[in-house]
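So for the sequence shown, this note's numbering puts the first residue at 118; every next one is plus one.
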Amino acid sequence: MELHERIVKLLTSSNVFLISTIDKRGFPTVIAVSEPLWREGLLKLQFYLDGNGETIRNIQKNPNGSVCCYEEIRHESLLMKGKFSITPIDSIDSVESKLSPYQKELNHKNPVVVTFDTWTAKIHIDKQTRDIIV
């Protein structure tokens with residue numbers, strides 16, 4: 118299987134993604150989130166988050182961050198570094214069809230869509246880590 122296919126498989130099979138932002142003291146803060154609402158390969162991913170959370174405050178101060186997904190059984194992972202941006206959701210109806218049952222239960226009072234634009238990435242497969250130039 119070629120590298121591109123392995124990346125796509127990893128992105129589509131991962132149920133949990135780790136989002137890392139930089140907090141007000143300069144330390145990384147990581148949260149686990151559900152799979153993206155939408156994605157364009159590994160170049161752009163969109164996540165559903167609480168607009169009142171620390172992650173959003175961190176992005177407002179510093180848009181740099183990373184997103185990671187993994188496949189535990191095969192010991193494969195994909196780490197993407199890039200920039201986050203925030204889009205308020207005017208109506209939950211606009212994204213409700215894309216939400217998982219768990220995300221619907223969250224019932225965020227201030228839901229937002231966070232878009233991640235990938236600048237660079239690394240994949241760990243076959244017991245090796247490879248840089249991916251985006």
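Beta carbons: idealized from backbone N, C-alpha and C, even for Gly.
- For the 9 angstroms CB-CB criterion, V231 and T204 form a contact.
- In this structure, DSSP gives K244 a state outside helix and strand, which the three-state scheme calls coil.
- In this structure, the straight-line span from the alpha carbon of G170 to that of L127 is close to 28 angstroms.
- Contact annotation: K178 and K141 have beta-carbon atoms nearer than 9 angstroms.
- Boundaries of the beta strand (DSSP E) harbouring K200: 193-205, taken from the DSSP string.
- Nearest Cα to I139 within the set N175, D243, L154: N175.
- In the three-state reduction of the DSSP assignment, R142 falls in the coil class, being assigned neither a helical nor a strand state.
- P228 sits in a strand when the DSSP states are folded into three classes.
- Rounded to the nearest whole angstrom, the C-alpha separation of G182 and K200 is 6 angstroms.
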